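Take a look at the structure set out below.
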Amino acid sequence: MKRDDLQFDSHGRLRHLLTIEGLPRQTLLDILNTAESFISVGEREIKKVPLLRGKTVVNLFFEASTRTRTTFEIAAKRLSADVINLNPSASSTSKGETLLDTVRNLEAMHTELFVVRHRESGAAHLIAAHVPEHVHIVNAGDGRHAHPTQALLDLFTIRRHKGPIENLKVAIVGDILHSRVARSEIHALNTLGAAEVRVIAPKTLLPTAVEKLGVHAYTDMRAGLAGVDVVMMLRLQRERMTGALISSEQEYFNLYGLTQEKLDFAKPDAIVMHPGPMNRGLDIDSAVADGPQSVILPQVTYGIAVRMAIMALIMGGTQAESTPAGGRRA
Amino acid sequence: MPQTTDIVDVNATIAYMADELRPRLAQQPLMIGIHTGGVWIAQRLHGLLGLSDPLGTLDISFYRDDFSRLGMNPQVKTSNLPVNVENRHVILVDDVLHTGRTIRAALNEIFDYGRPASVTLAVLIHRDGRELPVEAQVVGHHLKLKKNQHIKLLGPEPLKLEIQEAHT
Amino acid sequence: MMGIVIKGGRIVDPANKLDVVKDLYIDSTGFITGIGKAPEGFEATRTIDARGQIVCPGLVDLRARLREPGLEYKATMESETRAAVAAGITTLCCPPDTWPVIDTPAMAQMIQSRAWRFGLAFVHPLGALTQGLEGKLLTDMAALEEAGCVGVSNALEPITDTLVLRRAMEYAATFDLTVYLHAEDPWLRNSGCVHEGEVGTRLGLPGIPEAAETVALARDLALIEQTGVRAHFCNLSSARAVAMLTEAQKQGLPVTADVAAHHLHLTEHDIGYFNTQCHVRPPLRGLRDRDALRAALQSGVINAICSDHQPHEPDAKLAPFAESEPGISGLETLLPLTLKLVDEKLLSLSEAIALLTMKPAEILGVECGALSVGATADICIFDPMAHWMLCADKFVSRGRNSPFLGWEFTGRVTHTLVGGEVVFELGNA
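Protein chains in written order, with this note's numbering: chain C, 9 to 338; chain V, 25 to 192; chain A, 147 to 575.
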């Protein structure tokens, strides 16, 4: 199975969004540029456009998440789609319905787009490999593997607040080992040519051979933040202590929590990001989260526009190269 | 082979359109141009007529009826209507009126912003080939073209018309 | 005397150091009665034309799961022994992790007699090392041996109590039984499903570090030295493990090892985007590891290639990677994958066949894997020039779970004989 075959159809247009890997630079730019126009839709009185009217979008969340699901729901509704939310319990195959059976049953209800979140890496790929041609899959997070829509909205945020990615040094801090957000961010930043991507974490939370992903790894946060333009904080799951991955929340916060003192090692105009939900006092200090360098709230707004762009690009017909202006459509 | 045509003197035609629109100034109209050609023309008309309200621009990409077939063009420009259309008399400007689908989309989009008192359509070129019941109130120039011919406005400076022959 | 003659084939029998084009004679009671010259008064009831083909001992597969009893929805003894002979395999060893476990003489006898009834491949079971494979209480190893078990094993279940493992080894040594070990530390394995390396990191799949194998191997080797038991390590997967085993053999420890055919060809990179057909245990590791395993075949540190056959129903592989079941349906690619190593000039044909016949037979301690006059006629005849492609609908096994689907191979079994009977003929399947 060739890498990018699954995400693209036979005409080369984007059919599924499963992972940033394998997506050409231009595809990422198309999504970001399209999202720009959707921002203005959100700012006017009638926040809807009729692009997906008559289509059904199903949020298939095997792993619960109110915030991500809600942004997808808002995005789909702003495109005038009908939205259904399903939260099947992620039981193992021996107990409940298999993953593919769940999807097949839903297809019978004529759904065009599934937004899928699952706790296992590769779930979105598995589904995408088994749906008929007219069905599209957007990966809202699979295990530790990928969260492409988050990476895209983060890149959108960075572009808006800091300009072109090529000039920027970005640091990602936290539980890299378990983070699908981190993996997708790294691929996106490298595809768009970021000047440097750094990951900062204790050794227990850095995956093996992480440099092969195209990053510099640091265990010393102050050294890692030196001179960066963007600081992305990841959420630490408190359960990591029981897996002998961290020692205590206090020590973690001392070493890897973002405080103003540590942030001052970055450039003075560096921005602070967090995919949410934040653990105040663990991932990040409240003062910084609410401070002038934080773009955490705008990230949420941009998230809706970016997801609208993704759904619009995927559900559209043949890839529109420049349609002759005037003439044909007038 | 595309060829620019001198059949139509674009600047003179725009001046003519401005004269035709002048009586409507009494209604204090709002002008809205459709990207891209319609905006170029509307900018000139806006200047010639001395309108005080800023020009509105519309990108109808999100309202097209061929989305399912053709998909999204990522080069979408943003629609920008700086003045509320509610109860205003709108002058909608486009470069070519052909099938009428662009105008339908534009009307749908305008009505998502508010309810205008009236909409007057002004086009540079009126050609045959209507597929919807849409007509312009102000026409710069009437043209009859062959079925496989397309006419396109080039710009922004200078404005020139180009006739293209499409392959079947 | 009446019987079958196999005419004109190239006989490759490493056990008897034969590599020669000669006719092979089998009598009507199913024994090899002559090579080269027809025995006095021999009359052929059937002649098999083996010109241009290789005639070798029926292959001996050190590890194949037949799924019976307990997992019949995946495959049955009949379907799998049939698949075995279609692949030239006439002797199989099955691990004790059936359901119920082979920890009683009754179970051991049941499996052998059931296989016997089908008249296809011979099945030799391994007995459980501990009761229920639970790693706590010893099994009646003497009774298991008497009931036909060729060795004892805890299969893939770990024995975490080192003292129990030591005692089990000593007890097995009392009866001169070989202990078959899988070196894997359960805690380091954690919930891993791929090799802990760059592919696992990129795919976000939990990894099994190389240390999981080497930590367990080191522990087991120390105990083997202490107890003097004869041990066989199953499914080596890492270069480091090969190095440790080489050292142990140099020191004279009675240890042998096998490798699964897929580990000689595939690496973690073949997983691509979550291809569950590449989900195996132990996992596919790196290029360096694959190359070390190949080198170990050449140096003799690893003494056998096995299929590690694990047929699955389709649903077992149609799940997200970590939730899919590990295992490849490997019988039908055992010989082809081994012949590929000959094509790639890593082994001579004779060396390759030895790794599939004489050497695994030695490890099992069973008389098979040789074309000696007077031995039972378990024979594999294959066309070394036949080109073919592995397709799902051509599988004889119930399990079609294989990452080699779509691969092209050179070398195909045309006839298989068990006890002098033709049990498989290509084209008549």
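Glycine included, each C-beta is placed from N, C-alpha and C at the ideal position.
It should be emphasised that the depicted structure is a prediction, and the values quoted were computed from it without experimental measurement.
Exercise for review: Look at the Cβ atom of Val181/C, then the Cβ atom of Glu204/C, and state whether they are nearer than 9 Å.
Suggested key: Here residue 181/C corresponds to residue number 173 of the first sequence, with the count starting at 1. Here residue 204/C corresponds to residue number 196 of the first sequence, with the count starting at 1. Not in contact: Val181/C and Glu204/C (Cβ atoms no closer than 9 Å).
Exercise for review: Using a Cβ cut-off of 9 Å (strictly closer), state whether Ser353/C contacts chain A.
Suggested key: Look at the range of chain C in this structure, 9 to 338, and you will see that residue 353/C is not part of it.
Practice item. Measure from the C-beta of Ser73/C to each C-beta in chain A and report whether the shortest distance is under 9 Å. Key: Position 65 of the first sequence holds residue 73/C. No, because no Cβ of chain A sits closer than 9 Å to the Cβ of Ser73/C.
**Study point:** Closer than 9 Å at the beta carbon, the chain V residues around Asn41/C
**Key:** Numbered from 1 along the first sequence, position 33 holds the residue referred to as residue 41/C. Those are Pro98, Gln99, Val100, listed as they occur along chain V.
Check your understanding: With a cut-off of 8 Å, do at least 3 Cβ pairs link the stretch 531 to 546 of chain A to the stretch 180 to 193 of chain A?
Key -> Fewer than three beta-carbon pairs drawn from the stretch 531 to 546 of chain A and the stretch 180 to 193 of chain A are found closer than 8 Å, and the two stretches are therefore not classed as touching.
Point to revise | Cβ-based neighbour list, Asp183/C, same chain, cut-off 6 Å, excluding 5 preceding and 5 following | key: Your numbering for residue 183/C matches position 175 in the first sequence. Leu213, Leu242, Leu244, listed in sequence order.
Point to revise | Cβ pair count under 8 Å reaching 3, the stretch 141 to 157 of chain C against the stretch 216 to 228 of chain C | key: A contact is defined here as three or more CB-CB pairs under 8 Å, and the stretch 141 to 157 of chain C fails this definition with respect to the stretch 216 to 228 of chain C.
Review point. With 16 as the cutoff for other CB atoms within 10 Å, does Glu469/A come out buried or exposed?
Key: Here the question's residue 469/A lines up with position 323 in the third sequence. With at least 16 other beta carbons inside 10 angstroms of its own, Glu469/A counts as buried.
Point to revise | Beta-carbon separation (whole angstroms), Gln456/A vs Leu492/A, contact threshold 8 Å | key: Here residue 456/A is taken as the residue at index 310 of the third sequence, counted from 1. Here residue 492/A is taken as the residue at index 346 of the third sequence, counted from 1. With 8 Å as the limit, Gln456/A and Leu492/A do not qualify as a contact, their Cβ atoms being about 25 Å apart.
Exercise for review: Check whether the Cβ of Tyr87/V sits closer than 8 Å to any heavy atom of the ligand SAM, and report yes or no.
Suggested key: In terms of ligand content, the structure shown is empty, and the ligand SAM therefore cannot be addressed.
Check your understanding: Given that Tyr87/V touches chain C, what residues does it touch there, using C-beta distances under 9 Å?
Key -> The residue you call residue 87/V lines up with position 63 of the second sequence. Val57, Pro58, Leu59, listed in chain order.
**Study point:** Reference Leu73/V, options Ile115/V, Lys168/V, His122/V, Phe86/V, closest by Cα
**Key:** For the purposes of this step, residue 73/V is taken as residue 49 along the second sequence, with counting starting at 1. Out of Ile115/V, Lys168/V, His122/V, Phe86/V, Ile115/V has the C-alpha closest to the C-alpha of Leu73/V.
Review point. Expressed to the nearest angstrom, what Euclidean distance is found between the alpha-carbon atoms of Val559/A and Arg112/C?
Key: Here residue 559/A is taken as the residue at index 413 of the third sequence, counted from 1. Here residue 112/C is taken as the residue at index 104 of the first sequence, counted from 1. Between Val559/A and Arg112/C, the alpha-carbon positions lie close to 40 Å from each other.
Review point. At what residues does the beta strand (DSSP E) containing Gln13/V begin and finish?
Key: Given a span of 25 to 192 for chain V in the structure shown, any question on residue 13/V remains unanswerable.
**Study point:** Exposure of Tyr219/A, with buried meaning 16 or more beta-carbon neighbours within 10 Å
**Key:** Position 73 of the third sequence, counted from the first residue, corresponds to residue 219/A. Classification for Tyr219/A: exposed.
Check your understanding: How long is the line joining the alpha carbons of Gly149/A and Val298/A, rounded to whole angstroms?
Key -> Taking the first residue of the third sequence as position 1, residue 149/A is located at position 3. Taking the first residue of the third sequence as position 1, residue 298/A is located at position 152. If I take the Cα positions, the gap works out to 38 Å.
Practice item. Decide yes or no for the touch test of the stretch 404 to 420 of chain A against the stretch 482 to 499 of chain A: beta carbon pairs closer than 8 Å, at least 3 of them. Key: Look at the beta carbons and you see the stretch 404 to 420 of chain A touching the stretch 482 to 499 of chain A: at least three pairs across the two are nearer than 8 Å.
Exercise for review: Using a cut-off of 8 Å between C-beta atoms, extract the partners of Pro466/A located in chain C.
Suggested key: By one-based count along the third sequence, residue 466/A stands at place 320. Think of a sphere of 8 Å around the beta carbon of Pro466/A: the chain C residues whose beta carbon falls inside it are Leu107, His126, Glu128, Ser129, Gly130, Ala131, Leu134, Asp150, Gly151, in chain order.
Practice item. Measuring only between beta-carbons, confirm whether Glu359/A sits less than 9 Å from chain C. Key: The residue labelled residue 359/A in the question sits at position 213 within the third sequence. No, Glu359/A lies away from the interface with chain C (no Cβ there is under 9 Å from its Cβ).
Review point. Can a CB atom of chain V be found closer than 9 Å to the CB of Leu25/C?
Key: Within the first sequence, residue 25/C is the residue found at index 17, counting from 1. No, no contact with chain V.
Check your understanding: Near Val63/V, what residues of its chain come up, given a Cβ to Cβ distance below 6 Å and the 5 sequence neighbours on each side ignored?
Key -> The residue labelled residue 63/V in the question sits at position 39 within the second sequence. The residues are Gly57, Thr81.
Review point. What residues in its chain sit with their C-beta under 6 Å from that of Arg156/A, if we drop five residues either side in the sequence?
Key: One-based indexing of the third sequence puts residue 156/A at position 10. Excluding sequence positions up to five before and after Arg156/A, its CB lies within less than 6 Å of the CB of Val167, Ile200, all in the same chain and listed in chain order.
Check your understanding: For Glu193/C, does the three-state DSSP call read helix, strand or coil?
Key -> As a first step, residue 193/C is located in the first sequence; it is residue number 185 there, counting from the start. Residue state for Glu193/C is assigned as helix, using DSSP reduced to three classes.
Check your understanding: Is any beta-carbon of chain V found at less than 9 Å from that of Ile54/C?
Key -> Here residue 54/C is taken as the residue at index 46 of the first sequence, counted from 1. By this cut-off, Ile54/C is an interface position.
Review point. Chain V partners of Asp321/C, CB-CB under 9 Å?
Key: Position 313 of the first sequence, counted from the start, is the residue given in the question as residue 321/C. Per the sequence shown, the amino acid found at residue 321/C is Leu instead of Asp. Near Leu321/C (Cβ distances below 9 Å), the residues of chain V are Gly95, Met96, Pro98.
Check your understanding: Identify the residues that DSSP records as bridge partners of Ala229/A: which are they?
Key -> In the third sequence, counting from the first residue as 1, residue 229/A sits at position 83. DSSP lists no partner for Ala229/A.
Review point. Among residues of its own chain, excluding the 5 on either side of Ala394/A, which ones have a beta-carbon nearer than 7 Å to its beta-carbon?
Key: Along the third sequence, read from residue 1 onward, the residue named residue 394/A stands at position 248. Taking Ala394/A as the centre and dropping the five residues before and after it, the same chain places the C-beta of Leu367, Val401 closer than 7 Å to its C-beta, in chain order.
Check your understanding: Are the stretch 119 to 131 of chain C and the stretch 145 to 164 of chain C in contact at 8 Å, needing three or more beta carbon pairs?
Key -> Contact between the stretch 119 to 131 of chain C and the stretch 145 to 164 of chain C is present: three or more C-beta pairs spanning the two stretches fall below 8 Å.
Check your understanding: So, are the CB atoms of Met319/C and Ala159/C less than 9 Å apart?
Key -> Numbered from its first residue, the first sequence carries residue 319/C at position 311. Numbered from its first residue, the first sequence carries residue 159/C at position 151. At a Cβ-Cβ threshold of 9 Å, Met319/C and Ala159/C do not count as neighbours.
Review point. Under a CB-based cut-off of 9 Å, is Phe216/C close to chain A?
Key: For the purposes of this step, residue 216/C is taken as the residue at position 208 of the first sequence. According to the sequence as given, residue 216/C is Thr; it is not Phe. At least one chain A Cβ lies under 9 Å of Thr216/C.
Practice item. Just the chain V side, please: which residues come within less than 8 Å of Ser48/C by C-beta, in chain order? Key: Looking up residue 48/C in the first sequence gives position 40. By Cβ distance, chain V contributes Thr102, Ser103, Asn104.
Check your understanding: Under 9 Å between C-beta atoms, does Gly346/A make it to chain C?
Key -> The residue you call residue 346/A lines up with position 200 of the third sequence. Closer than 9 Å: yes.
Review point. If you count every other CB in all the chains shown that lies within 10 Å of the CB of Ala146/V, and 16 or more means buried, which is it?
Key: Taking the first residue of the second sequence as position 1, residue 146/V is located at position 122. Answer is buried; the Cβ neighbour count reaches 16.
Check your understanding: Mind listing which residues of the stretch 197 to 221 of chain C have their C-beta closer than 7 Å to chain A's C-betas, in chain order?
Key -> Under the 7 Å Cβ criterion, the stretch 197 to 221 of chain C contributes Pro215, Thr216, Ala217, Val218, Lys220, Leu221.
Point to revise | Inside the stretch 150 to 219 of chain A only - beta strand (DSSP E) runs reaching at least 3 residues | key: Taken in chain order, the whole beta strand (DSSP E) runs of length 3 or more contained in the stretch 150 to 219 of chain A are 156 to 159, 164 to 167, 170 to 173, 178 to 181, 189 to 195, 200 to 203, 205 to 207.
Point to revise | Contact residues within the stretch 316 to 346 of chain A, judged by C-beta distance below 8 Å to chain C | key: Here the close residues are Glu342, Gly343, Glu344, Gly346.
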